[in-house]
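Trainee: Below is a structure I'd like to ask you about.
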Amino acid sequence: WKLPQNTSDVPSPLVFDGLVYICRENGILICLDAKTGEEIYQESVYRNRHRGSPVIADGRIYLSAYDGTVSVIKAGREYQLLAQNKMDERLSASPVFGNNILFLRTSEALYAISEMSE
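Residue numbers for the sequence shown follow this note's numbering, so the first one is 39 and each next one is one higher.
Take a look at the structure:
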């Protein structure tokens, strides 16, 4: 199959559990069936420039907007926004996960974010 339009210029697609996620630079998230290319949904996540590619961890998709907003979407055939958090700096790079830590490189620093243990 081929998707002739609505593809992103910079962010790479994410493939997970039989679905393809494409985040357009304007913050629209497109979910496709990986086998057929059929569109499952298309939703406006956050209206701002998105240059980083989406990443996934623990069934959650992370999208980073240029203004520092990180959106968290539940992976699956139904769109569900779980959270949005705003950094104080710009984000152009893709988020990265390692050792249960979210790494975000902003215009000013590298952040390592994890859940606090009790």
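Beta carbons are placed, not taken as given, at the ideal position from N, Cα and C, and that holds for glycine.
Just to confirm my understanding: we take P133, look at its own chain, exclude 5 residues before and 5 after, and list those with CB closer than 8 Å. What are they?
Mentor: Taking the first residue of the sequence shown as 1, we reach residue 133 at position 95. Taken in chain order, the residues that qualify are G90, V93, Y100, S102, V108, L140, F141, L142.
Trainee: Thinking C-alpha only, which one of S82, Y59, Y84 is nearest R98?
Mentor: Taking the sequence shown and counting its residues from 1, one reaches residue 98 at position 60. The candidate whose alpha carbon is nearest that of R98 is Y59.
Trainee: Look at G114 and Y84 and say whether their C-beta atoms are less than 8 Å apart.
Mentor: Working through the sequence shown from its first residue, we reach residue 114 at position 76. Working through the sequence shown from its first residue, we reach residue 84 at position 46. Result no, Cβ atoms of G114 and Y84 do not sit closer than 8 Å.
Trainee: Quick one: give me the first and last residue of the beta strand (DSSP E) that E29 is part of.
Mentor: No statement about residue 29 is possible, as the shown extent of the chain runs from 39 to 156 and does not include it.
Trainee: Buried or exposed for L52, please, with buried defined as at least 16 other CB atoms from any protein chain shown within 10 angstroms of its CB.
Mentor: Start at 1 with the first residue of the sequence shown, and residue 52 comes out as number 14. It counts as buried.
Trainee: Considering only the beta carbon of each residue, do G106 and R128 sit closer than 8 Å?
Mentor: Within the sequence shown, numbered from 1, the residue matching residue 106 stands at position 68. Within the sequence shown, numbered from 1, the residue matching residue 128 stands at position 90. A contact, by the Cβ cut-off of 8 Å.
Trainee: Quick one: what's got a C-beta closer than 8 Å to M125's C-beta in the same chain, skipping five residues either side?
Mentor: On the sequence shown, residue 125 is found 87 positions in, with the first residue counted as 1. Around M125: G106, T107, V108, L142, T144, Y149.
Trainee: Using three-state DSSP, classify L129 as helix, strand or coil.
Mentor: Mapped onto the sequence shown, residue 129 falls at position 91. DSSP places L129 in strand when its eight states are reduced to three.
Trainee: Contact defined as beta carbons within less than 8 Å: I believe E77 pairs with L70. What is the distance between those atoms, to the nearest angstrom?
Mentor: Residue mapping note: residue 77 aligns to position 39 of the sequence shown, counting from 1. Residue mapping note: residue 70 aligns to position 32 of the sequence shown, counting from 1. Going by Cβ atoms, the distance from E77 to L70 rounds to 6 Å, so yes, they are a contact pair.
Trainee: Select from F54, D55, P49 the residue whose C-alpha is nearest the C-alpha of E63.
Mentor: Taking the first residue of the sequence shown as 1, we reach residue 63 at position 25. Measuring from the Cα of E63, the nearest candidate turns out to be P49.
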